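Student: Positions 388 to 1000 (my numbering) are the ones given, in order, by the sequence shown. Where is the CB? At the ideal position from N, CA and C, for every residue including glycine. Predicted model only: the values in this text are computed from it and were never measured.
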Amino acid sequence: MFLKPTRKTVRGKTYTNHLLVESISTPNGPRHRTICSLGSLEPAPREHWLALAHKLDAALSGQQSLLPDAEVESLRQRIEAQPPSGPRPKSVSVFLDQVEIQEAREAGSVYVGHQMWRRLQLDAILRKAGLNERTRLLTEVMTINRLVTPSSGHAMPDWVRRTALADLLHADFRRLNDEALYRNLDRLHPQRALIEGELAAREKELFALPESIYLYDLTSTYFEGKALRNEKAKRGYSRGGALWARPDCKQVVVGLVLDGDGFPKAHEVFDGNRHDSTTVDDMLAALEKRVGKKAGVTVTVDRGMAYDKNIEQIRGRGYHYLVATQPQERWQHEQEFVEETGWEEIVRQPSPTNPCQHKTQVSLKQCLVGEEVHVLCLSEPRKEKDRAIREQQEKRLLTALESLSRGIAKRKKKPLTDAEVNQAIGRLRERYSRVGRYYQIHYEAERRALIWEADGELQRRAERLDGSYVLKSDRRDLTKEAIWRQYMLLTRVESAFRAMKSPLMERPIFHHLARRVETHIFLCVLAYHLLATVEKTFLDQGIHTSWASLREQLATHQIVTVVLPTSDGRQICIRKGTTPEAEHKRIYQVLRIPDNPLDPAQSRPIVTERTCK
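Spelled out as structure tokens, the structure:
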């Protein structure tokens, strides 16, 4: 402590006041803090001033004098009674047994989502779309929710309050409710196309993405409930596979176009009963509205959109095409498949992070058919799969035929008519179409007997084509390996759909209004943009990983409030992130983001008279 004189002139007369001051450390450097005003110490000698300062310093620190001084005691009581001016000193006594950790919030995964949102400049893109600050904020919150812990609009506000989003976004979500989120879906809906186009342009610039390949595929997502107010919600072919198939529910079909690096370019929502082949032209038209028309791009689609009409639609818009043919088209290359010459085996490298990974063997052969290049493909694991499927279907067909035969024999009083039996045979051929064509099935009405016989030659021909498929393209400048590898990029669309259905929880859909259903799917696509940005950043550094794995590792990084009770009856509350662990630091380092979610200004101690809540 020391004395600091101050002087003030009033009406020509100068007054001197002596302040008792101490030097303290602050985040902005050393500062002086006034303890109290001692008034004018003149005309006492200067030695008396210093003695008084030393006695006050000792008295305030708790030391007792052998010779009590009434002046010093009076000043001490006055100082302790007055409220402190300026910041309190850093060095205080803390009751260790009363230290508390409050308001622990998950920070790691939402922090990464927030940083990827900023990297893609989505706030600026939404501002360009005419959305106000509140809408942009809620859109970010809803997108990060789909990325981290997908939940319904009703459950989302509680989830937001359990995370560190309030700290990261400097927002108060205590009054956030589901109605605000539903209204935000309505405000976002008209701007979807503009946002998607701007986002595709930003990613192309950020990652220097080449636009030479478009990968197009479809999936379906089903509804909980009847969805009576959505005209697109209809029953149709459920593309969820055995695990997720829900043919009993209404659904919509979602078309998605990716580039060769797996970034979404455009998406569309179609009627739930729409056939794949009828969506190609509409999807390409929507794509051109988003990103413009790009000459020389190759559009890659699966066999469900490999009809001649679809190929003409692709070529009519100035694109090249690469498609997988229908299974029956293999028969025209039956002789080439049987011949052992001309095949080239493809070397597939395992992942750098999994050197023991087993890659399937694929052999290729190229044929020219008119202006097209046909690439014949043989896969050993696929051969085993085709054989297993055919044998299983054949077993089920024979069981069904025997059951039908017994049913015909039992109907003696009211026998089945010829038309009824032939209808039953037709249904069995349709159900087991893969093997039904290998059997001659007919009904002898006079004997009321069902006769079937296998065509051995057709069965042997089918066995020779197990594990085979054919790709065709108008790109004669590409090698057969380049065509095959480009077609295999379609697995990225399948991965995108799996990500949207599993970690991003696109389905089931609980919204029934068409605009909210479309915006819900749009938010899933936005979340996938963030996911693709994370995984692409890791992949560019040779690290093969998934967002699901990273999310689990980041879950342990939190932001907490540390409450320190002090000896002077106050509490110091410090809001800061936990020290990142080694795996957290590694993730943040790869993503090139700071490992402290809070900036230093947010982590400054707050002194309060009551417990922080």
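#1: Could you compute how far the alpha carbon of Cys999 sits from the alpha carbon of Glu458?
#2: Could you please give me the residues that DSSP links to Trp839 through a beta bridge?
#3: Rounded to whole angstroms, what's the CA-CA distance from Asp669 to Ser790? Just pull it up for me.
#4: So, with DSSP's three-state summary, where would you put Val644?
#5: So the alpha helix (DSSP H) Arg793 belongs to, where does it begin and stop?
#6: Taking C-alpha atoms, which residue in Cys754, Arg872 and Val486 lies nearest to Ile733?
#7: Leaving out five residues on either side along the sequence, give the residues of the same chain with a beta carbon under 8 Å from the beta carbon of Asp861.
#8: Using beta-carbon positions only, say whether Tyr498 and Pro984 come within less than 7 Å of one another.
#9: Based on DSSP bridge pairs, tell me the residues matched to His405.
#10: Use the C-beta contact count for Trp934: other C-beta atoms within 10 angstroms, 16 or more gives buried, fewer gives exposed.
#11: Rounded to a whole number of angstroms, what is the C-alpha to C-alpha distance between Arg622 and Met503?
#12: At what residues does the beta strand (DSSP E) containing Val749 begin and finish?
#13: Please confirm if the region 634-647 is in contact with the region 556-575, defined as three or more CB-CB distances below 8 Å between the two stretches.
#14: Between the alpha carbons of Arg475 and Ile961, how many angstroms are there, rounded?
#15: Taking the alpha carbon of Thr966 as the reference point, which residue from Ile959, Thr953, Gln976 and Thr943 has its own alpha carbon closest?
#16: So, at 7 Å on beta carbons, what are the nonlocal neighbours of Ser424 in its own chain, with the 5 sequence-adjacent residues on each side left out?
#17: Relative to the alpha-carbon of Lys591, which residue among Thr866, Arg579, Pro651 and His931 has its alpha-carbon at the smallest distance?
#18: Please return the same chain residues whose Cβ sits closer than 7 Å to the Cβ of His508, not counting the five positions on each side in sequence.
#19: Check the C-beta distance from Thr687 over to Leu755 and give it rounded, since I have them as a contact under 8 Å.
#20: Determine the burial state of Gln713: buried for a count of at least 16 other Cβ atoms within 10 Å of its Cβ, exposed for fewer.
#21: Would you call the CB atoms of Arg626 and Tyr609 closer than 7 Å?
#22: Under the rule that 16 or more other beta-carbon atoms within 10 Å means buried, what is Tyr402, buried or exposed?
#23: Please say whether Val641 and Val656 have beta carbons closer to each other than 7 Å?
#24: Under 7 Å between the Cβ atoms of Val857 and Arg704?
#25: Please classify Asp986 as buried or exposed, where buried requires at least 16 other C-beta atoms within 10 Å of its C-beta.
#26: Of the residues Ser750, His654, Ala711 and Val710, which one's Cα is nearest the Cα of Glu723?
#27: Helix, strand or coil for Pro981, going by three-state DSSP, please let me know.
#28: Who are Tyr379's beta bridge partners in DSSP?
#29: Under the rule that 16 or more other beta-carbon atoms within 10 Å means buried, what is Asn617, buried or exposed?
#30: For Lys859, is the classification buried or exposed, using 16 other Cβ atoms within 10 angstroms of its Cβ as the cut-off for buried?
Tutor: Per the coordinate set shown:
#1: The count along the sequence shown starts at 1 and reaches residue 999 at position 612. The count along the sequence shown starts at 1 and reaches residue 458 at position 71. Below a pLDDT of 50, predicted positions are generally treated as unreliable, and Cys999, at 45, falls in that range; the measurement from the model is reported next regardless. Taking the straight line joining both Cα atoms gives about 39 Å.
#2: In the sequence shown, the residue the question calls residue 839 occupies position 452. Trp839 pairs with Ile828.
#3: Here residue 669 refers to the residue found at position 282 of the sequence shown. Here residue 790 refers to the residue found at position 403 of the sequence shown. Looking at the two C-alpha atoms, the distance is approximately 46 Å.
#4: Sequence index remark: in the sequence shown, residue 644 carries index 257 (1-based). Three-state DSSP puts Val644 in a strand.
#5: In the sequence shown, residue 793 corresponds to position 406, counting from 1. Here the alpha helix (DSSP H) through Arg793 covers Glu767 to Lys797.
#6: Position 346 of the sequence shown, counting from 1, holds the residue named residue 733. Of the candidates Cys754, Arg872 and Val486, the one whose C-alpha sits nearest the C-alpha of Ile733 is Arg872.
#7: Position 474 of the sequence shown holds residue 861. Contacts found: Arg702, His707, Tyr708, Glu758, Glu759 and Val760.
#8: Position 111 of the sequence shown, counting from 1, holds the residue named residue 498. Position 597 of the sequence shown, counting from 1, holds the residue named residue 984. Yes; because the gap between Cβ atoms is below 7 Å, this pair is in contact.
#9: As a first step, residue 405 must be located in the sequence shown, where it is residue number 18. Answer is Pro392 and Gly426.
#10: Along the sequence shown, read from residue 1 onward, the residue named residue 934 stands at position 547. Residue environment for Trp934: buried (at least 16 other C-beta atoms within 10 angstroms of its C-beta).
#11: As a first step, residue 622 is located in the sequence shown; it is residue number 235 there, counting from the start. As a first step, residue 503 is located in the sequence shown; it is residue number 116 there, counting from the start. For Arg622 and Met503, the distance between alpha carbons rounds to 37 Å.
#12: In the sequence shown, the residue the question calls residue 749 occupies position 362. Val749 -> beta strand (DSSP E) spans Val749 to Val756.
#13: no
#14: If you number the sequence shown from 1, residue 475 lands on position 88. If you number the sequence shown from 1, residue 961 lands on position 574. Interpretation of Arg475 is limited by its pLDDT of 49, a score under 50 that renders its predicted location unreliable; the figure taken from the coordinates is listed afterwards. Looking at the two C-alpha atoms, the distance is approximately 15 Å.
#15: Locating residue 966 in the sequence shown gives position 579, counting from the first residue. The shortest Cα separation from Thr966 among Ile959, Thr953, Gln976 and Thr943 belongs to Thr943.
#16: Against the sequence shown, residue 424 aligns to sequence position 37. Once the five neighbours on either side are set aside, the close Cβ partners of Ser424 are Asn404 and Leu406.
#17: By one-based count along the sequence shown, residue 591 stands at place 204. Residue Pro651 is the option with its Cα nearest to Lys591.
#18: The count along the sequence shown starts at 1 and reaches residue 508 at position 121. Here the sequence assigns Gln to residue 508, which means His is not the residue at that position. Within the same chain, Gln508 has close Cβ partners Arg589.
#19: Here residue 687 refers to the residue found at position 300 when the sequence shown is read from its first residue. Here residue 755 refers to the residue found at position 368 when the sequence shown is read from its first residue. About 20 Å; that fails the 8 Å criterion.
#20: As a working note, residue 713 is residue 326 in the sequence shown. Gln713 is exposed by the Cβ-count criterion.
#21: Working through the sequence shown from its first residue, we reach residue 626 at position 239. Working through the sequence shown from its first residue, we reach residue 609 at position 222. No; because the gap between Cβ atoms is not below 7 Å, this pair is not in contact.
#22: Residue mapping note: residue 402 aligns to position 15 of the sequence shown, counting from 1. Exposed: under 16 other Cβ atoms inside 10 Å.
#23: As a first step, residue 656 is located in the sequence shown; it is residue number 269 there, counting from the start. As a first step, residue 641 is located in the sequence shown; it is residue number 254 there, counting from the start. Contact flag set, yes.
#24: Taking the sequence shown and counting its residues from 1, the one referred to as residue 857 is at position 470. Taking the sequence shown and counting its residues from 1, the one referred to as residue 704 is at position 317. No, the pair does not count as a contact, with Cβ atoms beyond the cut-off.
#25: Indexing the sequence shown from 1 puts residue 986 at position 599. Classification of Asp986: exposed, given that the 10 Å Cβ count is below 16.
#26: Walking along the sequence shown from the start, residue 723 turns up at place 336. Among Ser750, His654, Ala711 and Val710, the Cα nearest to that of Glu723 belongs to Ser750.
#27: Here residue 981 is taken as the residue at index 594 of the sequence shown, counted from 1. Of the three classes helix, strand and coil, the one that applies to Pro981 here is coil, per DSSP.
#28: The requested residue 379 does not occur in the structure, where the chain is confined to residues 388 to 1000.
#29: What you label residue 617 is simply residue 230 of the sequence shown in a count that begins at 1. Buried, because 16 or more other Cβ atoms sit within 10 Å of the Cβ of Asn617.
#30: On the sequence shown, position 472 is the one that residue 859 refers to. Buried, since its Cβ has 16 or more Cβ neighbours within 10 Å.
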